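Q: Numbering (UniProt numbering), first residue to last: 1 to 163.
#1: Could you check what DSSP says for residue 16 in three-state terms: helix, strand or coil?
#2: Give me the DSSP bridge partner(s) of residue 145.
#3: Going by C-alpha distance, which of 53, 39 and 38 is nearest residue 45?
#4: Taking its Cβ as the centre, do 16 or more other Cβ atoms sit within 10 Å of residue 3, making it buried, or is it exposed?
#5: Taking the alpha helix (DSSP H) that residue 116 belongs to, which residues open and close that run?
#6: In the structure shown, what three-state DSSP assignment does residue 11 receive?
#7: Could you give the residue range of the alpha helix (DSSP H) that holds residue 110?
#8: Quick check: the region 62 to 75 against the region 114 to 133, are at least 3 beta-carbon pairs closer than 8 angstroms?
#9: Can you list, in chain order, the residues of its chain whose CB lies under 7 angstroms from that of residue 67, leaving out five sequence neighbours each side?
#10: Just to confirm the assignment, what range does the alpha helix (DSSP H) spanning residue 101 have?
#11: So, with DSSP's three-state summary, where would you put residue 150?
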């Protein structure tokens with residue numbers, strides 16, 4: 001089911017993904033994203049339950065495709081998913097955050113110092129993994145313009161933590 005919904009959200013082209021806006025809107029109107037977010041809240045043994053790990057990975061992929069190049073869906077996920085940013089710690093969760101903010105200047109401008117501190121803390125905790133750094137890059141530049149406020153905060157946090 002998750003794979004079928006993913007296929008509704010985007011079309012794979014030879015040069016990358018292409019958003020299917022009408023289908024994304026249909027899924028939004030059906031509150032599919034709410035059901036997927038509820039699925040992600042189900043507790044399970046991450047070390048032992050490989051099938052559930054796979055399902056959760058697919059659920060994150062669906063959310064990523066759901067908001068791909070779709071500012072309305074990005075805003076929905078921002079409200080429902082990112083507002084609990086302090087719960088975000090795993091790489092797939094951070095990757096979903098990248099899709100929420102990708103090329104969306106309006107959402108990037110809502111980022112606060114506390115948000116950035118959380119993600120810098122994740123880098124300190126887990127090491128310089130590419131996805132954590134990619135998130136910081138995503139919020140600093142959107143739609144080919146730099147977000148000055150985010151740049152300043154990322155720089156001050158980076159310099160402050162380097163000391």
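Ideal Cβ placement from N, Cα and C applies to all residues, glycine included. Since the model is a prediction, treat every value here as computed from it, not as a measurement.
A: In this structure, then:
#1: For the purposes of this step, residue 16 is identified with residue 16 of the chain shown, where counting begins at 1. It is a strand residue.
#2: Within the chain shown, numbered from 1, the residue matching residue 145 stands at position 145. BP columns for residue 145 point to 142.
#3: The count along the chain shown starts at 1 and reaches residue 45 at position 45. When only C-alpha atoms are compared, the closest one is 53.
#4: If you number the chain shown from 1, residue 3 lands on position 3. With fewer than 16 other beta carbons inside 10 angstroms of its own, residue 3 counts as exposed.
#5: To locate residue 116, count along the chain shown from 1; it is residue 116. In this chain, the alpha helix (DSSP H) harbouring residue 116 covers 113 to 126.
#6: In the chain shown, counting from the first residue as 1, residue 11 sits at position 11. Three-state DSSP puts residue 11 in a strand.
#7: Here residue 110 is taken as the residue at index 110 of the chain shown, counted from 1. Per DSSP, residue 110 is not a residue of any alpha helix (DSSP H), being assigned neither H nor E.
#8: Judged by Cβ distances under 8 angstroms, the region 114 to 133 makes no contact with the region 62 to 75, as fewer than three pairs qualify.
#9: Locating residue 67 in the chain shown gives position 67, where the first residue counts as 1. Taking residue 67 as the centre and dropping the five residues before and after it, the same chain places the C-beta of 73, 74, 77, 99 and 100 closer than 7 angstroms to its C-beta, in chain order.
#10: Here residue 101 refers to the residue found at position 101 when the chain shown is read from its first residue. Counting along the chain, the alpha helix (DSSP H) containing residue 101 begins and ends at 91 to 101.
#11: Your numbering for residue 150 matches position 150 in the chain shown. Residue 150 carries a helical assignment under DSSP once its states are collapsed to helix, strand and coil.
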